[in-house]
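Undergrad: Below you will find the structure I want to go over with you.
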Amino acid sequence: MKGWSSLRAGAYVIVAAVSVVGLAAGVVGPAAVQTHAAPAPARVLIKARDFLFDPKEVTVRAGELTFEIKNEGAIEHNFVIEDGNRRPLAEIAIIDTGKSAEVKATLRAGTYPFACTLPGHREAGMHGTLRVQP
Amino acid sequence: MDQDLRDEALYEQARRDEWVWRRAKALGISRRRFLTLLAAGGASAAFGGAAAALVRTASAQPAAPAPPVIVKPVPPSMFYNFGSNHEMRWEHMSGRGYLVPNELFFVRNHSRTPRIDPATWRLKIEGSGIERPLDLSYDDILSMPDVSVRRYVECAGNGRSFFEEAYSRRAQGTQWRLGAVGVAEWTGVPLREILDRAGVKRTAVDMMPEGMDDLKVRRPMSIAKAMEGDTLLVYAMNGHPLPPDHGFPVRVLTPGWIGVASVKWVGRIEVSETPIFSPWNTTSYVLIGPTYRKPDDSEALGPILSSQNVKSALELPWPAQLRAGRQTIRGRSWGPYAVAKVEYSLDRSVSWHEARIRDAAAPRAWVRWEFQWDARPGDYSIRLRATDAQGNRQPVSVPFNEQGYLYNAIVGHPVTVS
Numbered sequence: 000m001k002g003w004s005s006l007r008a009g010a011y012v013i014v015a016a017v018s019v020v021g022l023a024a025g026v027v028g029p030a031a032v033q034t035h036a037a038p039a040p041a042r043v044l045i046k047a048r049d050f051l052f053d054p055k056e057v058t059v060r061a062g063e064l065t066f067e068i069k070n071e072g073a074i075e076h077n078f079v080i081e082d083g084n085r086r087p088l089a090e091i092a093i094i095d096t097g098k099s100a101e102v103k104a105t106l107r108a109g110t111y112p113f114a115c116t117l118p119g120h121r122e123a124g125m126h127g128t129l130r131v132q133p
Numbered sequence: 000m001d002q003d004l005r006d007e008a009l010y011e012q013a014r015r016d017e018w019v020w021r022r023a024k025a026l027g028i029s030r031r032r033f034l035t036l037l038a039a040g041g042a043s044a045a046f047g048g049a050a051a052a053l054v055r056t057a058s059a060q061p062a063a064p065a066p067p068v069i070v071k072p073v074p075p076s077m078f079y080n081f082g083s084n085h086e087m088r089w090e091h092m093s094g095r096g097y098l099v100p101n102e103l104f105f106v107r108n109h110s111r112t113p114r115i116d117p118a119t120w121r122l123k124i125e126g127s128g129i130e131r132p133l134d135l136s137y138d139d140i141l142s143m144p145d146v147s148v149r150r151y152v153e154c155a156g157n158g159r160s161f162f163e164e165a166y167s168r169r170a171q172g173t174q175w176r177l178g179a180v181g182v183a184e185w186t187g188v189p190l191r192e193i194l195d196r197a198g199v200k201r202t203a204v205d206m207m208p209e210g211m212d213d214l215k216v217r218r219p220m221s222i223a224k225a226m227e228g229d230t231l232l233v234y235a236m237n238g239h240p241l242p243p244d245h246g247f248p249v250r251v252l253t254p255g256w257i258g259v260a261s262v263k264w265v266g267r268i269e270v271s272e273t274p275i276f277s278p279w280n281t282t283s284y285v286l287i288g289p290t291y292r293k294p295d296d297s298e299a300l301g302p303i304l305s306s307q308n309v310k311s312a313l314e315l316p317w318p319a320q321l322r323a324g325r326q327t328i329r330g331r332s333w334g335p336y337a338v339a340k341v342e343y344s345l346d347r348s349v350s351w352h353e354a355r356i357r358d359a360a361a362p363r364a365w366v367r368w369e370f371q372w373d374a375r376p377g378d379y380s381i382r383l384r385a386t387d388a389q390g391n392r393q394p395v396s397v398p399f400n401e402q403g404y405l406y407n408a409i410v411g412h413p414v415t416v417s
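In order, the protein sequences belong to chains A and B.
So for the first sequence, numbering that gives the first Met the number 0 puts the first residue at 0; every next one is plus one.
So for the second sequence, numbering that gives the first Met the number 0 puts the first residue at 0; every next one is plus one.
Structure representation (structure tokens):
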């Protein structure tokens, strides 16, 4: 799975790279989903289900972050971190059922919505909030 | 089952089943009665082995502890598996007739296929755009005047995976190649018949079918599109009751438009005197990208999709392995307008040659075509470009859009000859 990079004017500089990751032991457990103080880069594990994210509220420290999304649903999902105007800042375009994928992003302090942007999924409840603390 | 499909036996069986149904109709047996007979297995006694085979097909679904995402068998030899979406492998159309059998038809479902009991199912027609709200049963629909049309249905994202090849960036959504398309014979009631019965007002502008799936897919369309003669409320596909994965008991058919507008499992239709917006024409199925501008007159995030565009595909595996020597290469091209010309290139677009079209061209359908190739060993990239009756030709490139819709640029089909 290829990644993509994006430089956006203004407040954010985002470098995103997507790759499929294994499901073996060693990936970050649920306890690490909550606040990450250090060290960087922090890893955030989010489960995607039909049709919600678990957890849907995530708090992290600013810096380079790796988001690992595991699709535990019966259908495809994706993962997009957005700005306030629904423009993607980092994304995993598609995640097959039963698979995990990850994306890296460097985020400044602030609050960012994230969602599955496949048709109807956000409206069915598949969205959340990412809080990045200084 | 795979082998049966390869030698077209099942395809021929489908045609015989269709004939049985038409014969039942000629004998004065209602569709309702015929469907009941099929469900009970009694049609085999009444009509012989062809109907019995149909019953076997219908009852051959494997039992599963949890409801399956897709009901019909979707073996990997016939489909690429994308969860609730399954892409037809084009090589299975090689040597087939015009229509895609129901067993092979691609599936694009936004969520799990719902199971709906036709005995309790109702269709409600309501909203500010009609004089008389309707509440119709399955029998009511079957008793209305019917129309049968051969039209293609195609996902708006068919070809999406090629955005990544072109832009090194993956577009959001199922990574189809070119197999999210199919032509079937659809039988149903013209939507305008139903709208007329509901007393559609001259001031009505939009209508919106609503699906009974988990996400309640709701894709609005203009009244003008709804009133076209081939916009149908469909209850049969290739002569069979509409299969569950394709919208049973009824679905909409909007020929030439993106597939999502052909809403499945319809339970309600809203008709309105004001424009209707839903997630399916505001946040999805819109063009978002650097070359697309947000409309000023709606809440949509980009230009709203409606019409499809002209595309082509080879009836070959991807990638294909061929033996050297003279052979016939076949494929199909389709679009909202009749396909007028199909060209192919074997030398990476240096030279183009015209393929021989085998079918009478028709809008909102496809044509089969072929060309002869004296293939010598080596690696090739077969490129296709179709031109429709309006002069629209498949382009060299398509601007990137985030959700990956309407990719109809020329693509190279990898072929190794040995």
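Glycine is no exception: its CB is placed at the ideal position from the N, C-alpha and C atoms.
Can you give me the start and stop residues for the beta strand (DSSP E) that B:Ile-124 sits inside?
TA: As a working mapping, residue 124 of chain B is identified with position 125 in the second sequence. According to the DSSP assignment, B:Ile-124 belongs to the beta strand (DSSP E) that extends over 122-125.
Undergrad: Relative to the C-alpha of B:Gly-210, which candidate in B:Ser-147, B:Ala-155, B:Lys-123 has its C-alpha closest?
TA: What you label residue 210 of chain B is simply residue 211 of the second sequence in a count that begins at 1. Looking at the Cα atoms, B:Lys-123 is the closest of the given residues.
Undergrad: What residues in the stretch 80-106 of chain A have a beta carbon less than 8 Å from any beta carbon of chain B?
TA: Residues Arg-85, Pro-87, Glu-90, Ala-92, Ile-93, Asp-95, Thr-96.
Undergrad: Tell me whether the beta-carbon of B:Arg-150 lies closer than 7 Å to the beta-carbon of B:Arg-357.
TA: On the second sequence, position 151 is the one that residue 150 of chain B refers to. On the second sequence, position 358 is the one that residue 357 of chain B refers to. No, the pair does not count as a contact, with Cβ atoms beyond the cut-off.
Undergrad: Looking at the C-beta of B:Ser-142, does it have a partner C-beta in chain A at a distance below 7 Å?
TA: As a first step, residue 142 of chain B is located in the second sequence; it is residue number 143 there, counting from the start. Chain A contact via Cβ: absent.
Undergrad: As a quick exercise: from B:Leu-103, B:Tyr-97, B:Pro-398, pick the residue whose alpha carbon is nearest that of B:Arg-292.
TA: For the purposes of this step, residue 292 of chain B is taken as residue 293 along the second sequence, with counting starting at 1. The option with the nearest alpha carbon to B:Arg-292 is B:Pro-398.
Undergrad: Starting from B:Pro-268, trace the beta strand (DSSP E) both ways and give me its first and last residue.
TA: Counting from one through the second sequence, the residue named residue 268 of chain B turns up at place 269. Sequence check: residue 268 of chain B is Ile here, not Pro. Element bounds for B:Ile-268: 265-271.
Undergrad: Run through the stretch 199-247 of chain B for me and flag every whole alpha helix (DSSP H) of 4 or more residues, listed as ranges in chain order.
TA: 222-225
Undergrad: If we call anything under 7 Å between Cβ atoms a contact, is B:Asp-212 one with B:Pro-113?
TA: As a first step, residue 212 of chain B must be located in the second sequence, where it is residue number 213. As a first step, residue 113 of chain B must be located in the second sequence, where it is residue number 114. Result yes, Cβ atoms of B:Asp-212 and B:Pro-113 sit closer than 7 Å.
Undergrad: Does the Cβ of B:His-91 have 16 or more other Cβ atoms within 10 Å, making it buried, or fewer, making it exposed?
TA: Here residue 91 of chain B is taken as the residue at index 92 of the second sequence, counted from 1. Buried: at least 16 other Cβ atoms inside 10 Å.
Undergrad: Using 8 Å as the cut-off, can you tell me whether the stretch 266-281 of chain B makes contact with the stretch 134-141 of chain B, which would need three or more C-beta pairs spanning the two stretches below that distance?
TA: no
Undergrad: Would you tell me roughly how many angstroms separate the C-alpha atoms of B:Ala-323 and B:Val-416, rounded to the nearest one?
TA: Residue mapping note: residue 323 of chain B aligns to position 324 of the second sequence, counting from 1. Residue mapping note: residue 416 of chain B aligns to position 417 of the second sequence, counting from 1. For B:Ala-323 and B:Val-416, the distance between alpha carbons rounds to 6 Å.
Undergrad: Might you give, ordered along the chain, the residues of its own chain that have their beta carbon closer than 7 Å to the beta carbon of B:Thr-253, omitting 5 neighbours on each side?
TA: Taking the second sequence and counting its residues from 1, one reaches residue 253 of chain B at position 254. Met-220, Lys-224, Thr-230, Ala-260, Ser-261.
Undergrad: At the level of alpha carbons, what is the spacing between B:Glu-353 and B:Gly-172?
TA: The residue labelled residue 353 of chain B in the question sits at position 354 within the second sequence. The residue labelled residue 172 of chain B in the question sits at position 173 within the second sequence. So the two alpha carbons sit approximately 34 Å from each other.
Undergrad: Please identify the residue among B:Ala-385, B:Leu-345, B:Ser-396, B:Val-395 whose C-alpha is closest to the C-alpha of B:Asp-373.
TA: Within the second sequence, residue 373 of chain B is the residue found at index 374, counting from 1. Closest option to B:Asp-373, Cα to Cα, is B:Leu-345.
Undergrad: Only counting the same chain, and skipping five residues up and downstream in sequence, which positions put a Cβ closer than 6 Å to that of B:Ser-167?
TA: Position 168 of the second sequence, counted from the first residue, corresponds to residue 167 of chain B. Beyond the five residues adjoining it in sequence on each side, B:Ser-167 comes within less than 6 Å, by CB distance, of no other residue in the same chain.
Undergrad: Return the residue from the list B:Thr-327, B:Pro-335, B:Tyr-79, B:Ile-222 that minimises the CA-CA distance to B:Ala-155.
TA: For this step, residue 155 of chain B is matched to residue 156 along the second sequence. The residue with the shortest Cα to Cα distance from B:Ala-155 is B:Pro-335.
Undergrad: Using only alpha-carbon positions, find the residue among B:Gly-128, B:Ile-193, B:Tyr-234 that is nearest to B:Ala-203.
TA: Sequence index remark: in the second sequence, residue 203 of chain B carries index 204 (1-based). It is B:Gly-128.
Undergrad: Going by DSSP in three states, A:Asn-77 sits in which element: helix, strand or coil?
TA: In the first sequence, residue 77 of chain A corresponds to position 78, counting from 1. Strand.
Undergrad: Between B:Gly-266 and chain A, is any beta-carbon pair separated by less than 7 Å?
TA: On the second sequence, residue 266 of chain B is found 267 positions in, with the first residue counted as 1. Not one chain A Cβ lies under 7 Å of B:Gly-266.
Undergrad: I want to verify the contact list: residues of chain B whose CB lies under 7 Å from the CB of A:Ala-123, in sequence order.
TA: The residue you call residue 123 of chain A lines up with position 124 of the first sequence. Correct list: Leu-214.
Undergrad: Strictly below 9 Å CB to CB, what residues from chain A border B:Tyr-284?
TA: By one-based count along the second sequence, residue 284 of chain B stands at place 285. The answer, in chain order, is Pro-118.
Undergrad: Whole angstroms are fine: how far does the CA of B:Ile-115 sit from the CA of B:Asp-295?
TA: What you label residue 295 of chain B is simply residue 296 of the second sequence in a count that begins at 1. What you label residue 115 of chain B is simply residue 116 of the second sequence in a count that begins at 1. If I take the Cα positions, the gap works out to 40 Å.
Undergrad: Could you tell me whether any Cβ in chain B is nearer than 7 Å to the Cβ of A:Gly-28?
TA: Locating residue 28 of chain A in the first sequence gives position 29, counting from the first residue. Residue confidence is low: A:Gly-28 scores 33 on pLDDT, short of 50, so the model does not pin down where it sits. Its coordinate-derived value is still stated next. Output row for A:Gly-28: interface = no.
Undergrad: Can you tell me which residues form a DSSP beta bridge with B:Gln-326?
TA: Within the second sequence, the letter at position 327 stands for residue 326 of chain B. Note: B:Gln-326 sits in a beta bridge opposite B:Trp-372.
Undergrad: For B:Gln-393 and B:Ala-408, I'd like the C-alpha separation in whole angstroms.
TA: Taking the first residue of the second sequence as 1, we reach residue 393 of chain B at position 394. Taking the first residue of the second sequence as 1, we reach residue 408 of chain B at position 409. For B:Gln-393 and B:Ala-408, the distance between alpha carbons rounds to 5 Å.
Undergrad: Just verifying my parser: in three-state terms, what is the DSSP assignment at B:Arg-413?
TA: Here the question's residue 413 of chain B lines up with position 414 in the second sequence. A quick correction: the sequence has Pro, not Arg, at residue 413 of chain B. In this structure, B:Pro-413 counts as strand in the three-state DSSP scheme.
Undergrad: Do we get a CB-CB distance below 7 Å when we pair B:His-109 with the residues of chain A?
TA: In the second sequence, counting from the first residue as 1, residue 109 of chain B sits at position 110. Yes, B:His-109 lies at the interface with chain A (some Cβ there is under 7 Å from its Cβ).
Undergrad: Please state the DSSP three-state secondary structure of B:Ser-136.
TA: Indexing the second sequence from 1 puts residue 136 of chain B at position 137. Coil at B:Ser-136, not helix or strand.
Undergrad: Grab me the residues of B:Pro-316's own chain with a C-beta within less than 8 Å of its C-beta, minus the 5 sequence neighbours each way, in chain order.
TA: Here the question's residue 316 of chain B lines up with position 317 in the second sequence. Arg-88, Trp-89, Glu-90.
Undergrad: Using a threshold of 7 Å, state whether the C-beta atoms of B:Met-226 and B:Ile-275 are closer than that.
TA: Your numbering for residue 226 of chain B matches position 227 in the second sequence. Your numbering for residue 275 of chain B matches position 276 in the second sequence. Going by C-beta atoms, B:Met-226 is not nearer than 7 Å to B:Ile-275.
Undergrad: What do you reckon, are the CB atoms on B:Glu-184 and B:Gly-288 nearer than 7 Å?
TA: If you number the second sequence from 1, residue 184 of chain B lands on position 185. If you number the second sequence from 1, residue 288 of chain B lands on position 289. Cβ atoms of B:Glu-184 and B:Gly-288: not closer than 7 Å.
Undergrad: Just mark B:Gly-246 as buried or exposed, buried being the case when its beta carbon has 16 or more other beta carbons within 10 Å.
TA: Position 247 of the second sequence holds residue 246 of chain B. Buried.
Undergrad: Cβ atoms of B:Tyr-97 and B:Ser-120: under 7 Å apart, would you say?
TA: Position 121 of the second sequence, counted from the first residue, corresponds to residue 120 of chain B. Position 98 of the second sequence, counted from the first residue, corresponds to residue 97 of chain B. One detail in the question is off: residue 120 of chain B reads as Trp in this sequence, not Ser. Not in contact: B:Trp-120 and B:Tyr-97 (Cβ atoms no closer than 7 Å).
Undergrad: Starting from A:Ile-94, follow the beta strand (DSSP E) in both directions and report where the run begins and ends.
TA: As a position in the first sequence, residue 94 of chain A is number 95, starting the count at 1. Note, A:Ile-94: beta strand (DSSP E), 87-94.
Undergrad: In chain B, what lies closer than 9 Å to A:Glu-75 by C-beta?
TA: For the purposes of this step, residue 75 of chain A is taken as residue 76 along the first sequence, with counting starting at 1. Chain B residues near A:Glu-75: Phe-81, Gly-82, Ser-83, Asn-84, Gly-172, Thr-173.
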